[in-house]
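Numbering (my numbering), first residue to last: 15 to 141.
Notes follow once the structure below has been shown.
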Amino acid sequence: MRAIKSKGTKIEELLGKAMWAKGYRYRKNNKNVFGKPDFTFKKYKIAIFCDSEFFHGKDWEVQKHRIKTNTEFWHKKIEGNIKRDQLVNETLLKDGWKIVRFWGEEIKKNRDRCVLEIEQLIKGSQP
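Next comes the structure, spelled out in C-alpha coordinates:
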(Lines of atoms letter the chains of each structure in order from A and count residues from 1; the text may use other names and numbers.)
(Lines give C-alpha, C1' and ligand atoms only; values in the text may rest on other atoms or scores of the structure.)
Protein backbone atom coordinates (compact mmCIF):
# COMPACT_ATOMS: atom_id res chain seq x y z
CA MET A 1 0.00 0.00 0.00
CA ARG A 2 2.86 2.35 0.71
CA ALA A 3 3.86 2.28 -2.96
CA ILE A 4 0.41 3.41 -4.14
CA LYS A 5 0.50 7.09 -5.07
CA SER A 6 -2.36 9.55 -5.12
CA LYS A 7 -0.68 11.87 -7.61
CA GLY A 8 2.02 11.53 -10.21
CA THR A 9 0.86 8.08 -11.31
CA LYS A 10 1.88 6.47 -14.61
CA ILE A 11 -1.52 7.06 -16.18
CA GLU A 12 -1.41 10.75 -15.16
CA GLU A 13 2.07 11.09 -16.64
CA LEU A 14 0.99 9.46 -19.92
CA LEU A 15 -2.02 11.74 -20.35
CA GLY A 16 -0.15 14.83 -19.13
CA LYS A 17 2.71 14.32 -21.59
CA ALA A 18 0.27 13.78 -24.46
CA MET A 19 -1.61 17.00 -23.64
CA TRP A 20 1.64 18.94 -23.18
CA ALA A 21 2.91 17.71 -26.57
CA LYS A 22 -0.28 19.08 -28.17
CA GLY A 23 0.39 22.47 -26.59
CA TYR A 24 -2.18 22.33 -23.78
CA ARG A 25 -1.10 23.86 -20.50
CA TYR A 26 -2.87 22.64 -17.42
CA ARG A 27 -2.67 22.72 -13.65
CA LYS A 28 -2.02 19.45 -11.83
CA ASN A 29 -3.80 18.50 -8.59
CA ASN A 30 -5.24 21.98 -8.07
CA LYS A 31 -6.08 22.26 -4.37
CA ASN A 32 -8.40 25.22 -5.04
CA VAL A 33 -10.81 23.01 -7.01
CA PHE A 34 -13.03 20.63 -5.03
CA GLY A 35 -11.83 17.04 -5.27
CA LYS A 36 -8.32 18.04 -6.42
CA PRO A 37 -8.68 16.88 -10.06
CA ASP A 38 -5.60 15.38 -11.69
CA PHE A 39 -5.68 18.11 -14.35
CA THR A 40 -7.61 21.37 -14.54
CA PHE A 41 -8.14 24.01 -17.16
CA LYS A 42 -9.49 26.74 -14.90
CA LYS A 43 -10.15 29.17 -17.76
CA TYR A 44 -12.56 26.68 -19.35
CA LYS A 45 -13.72 25.11 -16.05
CA ILE A 46 -12.67 21.61 -17.12
CA ALA A 47 -11.65 19.01 -14.53
CA ILE A 48 -9.96 15.79 -15.63
CA PHE A 49 -9.60 12.70 -13.45
CA CYS A 50 -7.45 9.64 -14.20
CA ASP A 51 -8.98 6.75 -12.29
CA SER A 52 -7.44 3.32 -11.77
CA GLU A 53 -9.85 0.48 -12.33
CA PHE A 54 -9.24 -1.22 -8.97
CA PHE A 55 -9.33 1.72 -6.57
CA HIS A 56 -12.25 3.50 -8.25
CA GLY A 57 -14.35 0.36 -8.75
CA LYS A 58 -14.75 -0.13 -12.48
CA ASP A 59 -17.49 -2.76 -13.02
CA TRP A 60 -17.70 -2.96 -9.23
CA GLU A 61 -20.73 -5.26 -8.96
CA VAL A 62 -18.89 -7.89 -11.02
CA GLN A 63 -15.35 -7.28 -9.76
CA LYS A 64 -16.02 -7.12 -6.01
CA HIS A 65 -16.41 -10.90 -5.90
CA ARG A 66 -12.82 -11.34 -7.14
CA ILE A 67 -11.32 -9.93 -3.93
CA LYS A 68 -10.49 -12.92 -1.76
CA THR A 69 -8.36 -11.47 1.05
CA ASN A 70 -9.27 -8.73 3.50
CA THR A 71 -12.59 -8.35 1.68
CA GLU A 72 -14.31 -6.23 4.32
CA PHE A 73 -11.54 -3.61 4.20
CA TRP A 74 -11.36 -3.47 0.40
CA HIS A 75 -15.11 -3.38 -0.13
CA LYS A 76 -15.48 -0.52 2.35
CA LYS A 77 -12.54 1.38 0.84
CA ILE A 78 -13.55 1.03 -2.81
CA GLU A 79 -17.24 1.71 -2.17
CA GLY A 80 -16.17 4.82 -0.23
CA ASN A 81 -14.08 5.91 -3.22
CA ILE A 82 -17.07 5.43 -5.54
CA LYS A 83 -19.29 7.56 -3.27
CA ARG A 84 -16.60 10.25 -3.00
CA ASP A 85 -16.24 10.34 -6.80
CA GLN A 86 -20.01 10.83 -7.12
CA LEU A 87 -19.95 13.66 -4.57
CA VAL A 88 -17.04 15.34 -6.37
CA ASN A 89 -18.88 15.07 -9.70
CA GLU A 90 -22.10 16.52 -8.27
CA THR A 91 -20.30 19.39 -6.54
CA LEU A 92 -18.23 20.35 -9.57
CA LEU A 93 -21.23 20.17 -11.90
CA LYS A 94 -23.18 22.50 -9.57
CA ASP A 95 -20.23 24.93 -9.74
CA GLY A 96 -20.34 24.89 -13.56
CA TRP A 97 -17.36 22.61 -14.22
CA LYS A 98 -17.18 20.08 -17.03
CA ILE A 99 -15.87 16.75 -15.77
CA VAL A 100 -13.96 14.10 -17.68
CA ARG A 101 -13.05 10.79 -16.08
CA PHE A 102 -10.75 8.36 -17.84
CA TRP A 103 -9.97 4.81 -16.74
CA GLY A 104 -6.30 3.85 -16.63
CA GLU A 105 -6.57 1.25 -19.39
CA GLU A 106 -8.39 3.76 -21.58
CA ILE A 107 -5.45 6.17 -21.22
CA LYS A 108 -2.87 3.45 -21.88
CA LYS A 109 -4.60 2.05 -24.97
CA ASN A 110 -6.34 5.10 -26.48
CA ARG A 111 -4.34 8.12 -25.35
CA ASP A 112 -4.95 10.02 -28.59
CA ARG A 113 -8.72 9.56 -28.27
CA CYS A 114 -8.56 10.85 -24.67
CA VAL A 115 -6.66 13.96 -25.78
CA LEU A 116 -9.11 14.46 -28.65
CA GLU A 117 -12.02 14.38 -26.18
CA ILE A 118 -10.27 17.03 -24.06
CA GLU A 119 -9.56 19.14 -27.17
CA GLN A 120 -13.22 19.05 -28.15
CA LEU A 121 -14.27 20.17 -24.66
CA ILE A 122 -11.78 23.05 -24.75
CA LYS A 123 -12.87 24.16 -28.22
CA GLY A 124 -16.51 23.94 -27.15
CA SER A 125 -15.78 26.11 -24.10
CA GLN A 126 -14.03 28.93 -25.95
CA PRO A 127 -15.97 32.17 -26.37
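Glycine included, each C-beta is placed from N, C-alpha and C at the ideal position.
Residue interval of the alpha helix (DSSP H) (run including residue i)
i: Thr105; result: 85 to 108
i: Ile25; result: 24 to 35
i: Val47; result: That residue, Val47, is in no alpha helix (DSSP H); it is neither H nor E in DSSP.
i: Trp74; result: 74 to 77
Residue i: first and last residue of the uninterrupted beta strand (DSSP E) it sits in
i: Arg125; result: First-last for Arg125: 125 to 139, but that is the alpha helix (DSSP H), not the beta strand (DSSP E).
i: Ile60; result: 60 to 65
i: Ile113; result: 112 to 117
i: Phe68; result: First-last for Phe68: undefined, no H or E at that position.
Nearest neighbour of residue i, chosen from the options [CA to CA]
i: Lys66; options: Leu106, Cys128, Lys24; result: Here residue 66 turns out to be Ser, not Lys, going by the sequence shown. Taking only the C-alpha atoms, the option nearest Ser66 is Lys24.
i: Asp99; options: Cys64, Lys36, Ser139, Val129; result: Cys64
i: Gln140; options: Arg39, Lys59, Val47; result: Lys59
i: Ile132; options: Lys21, Arg80, Glu27, Lys36; result: Lys36
i: Phe53; options: Lys78, Trp88, Lys72, Ile113; result: Ile113
i: Lys56; options: Phe69, His70, Gly71, Tyr40; result: Tyr40
i: Leu130; options: Glu27, Lys21, Ala32; result: Ala32
Environment of residue i [buried if 16+ CB atoms lie within 10 Å]
i: Val76; result: exposed
i: Glu104; result: exposed
i: Gly9; result: The chain is shown from 15 up to 141; residue 9 falls before or after that span and cannot be answered.
i: Trp34; result: exposed
> Looking at C-beta atoms only, is the number of pairs between the segment 118 to 131 and the segment 89 to 107 that lie closer than 8 Å three or more?
Replying inline: no
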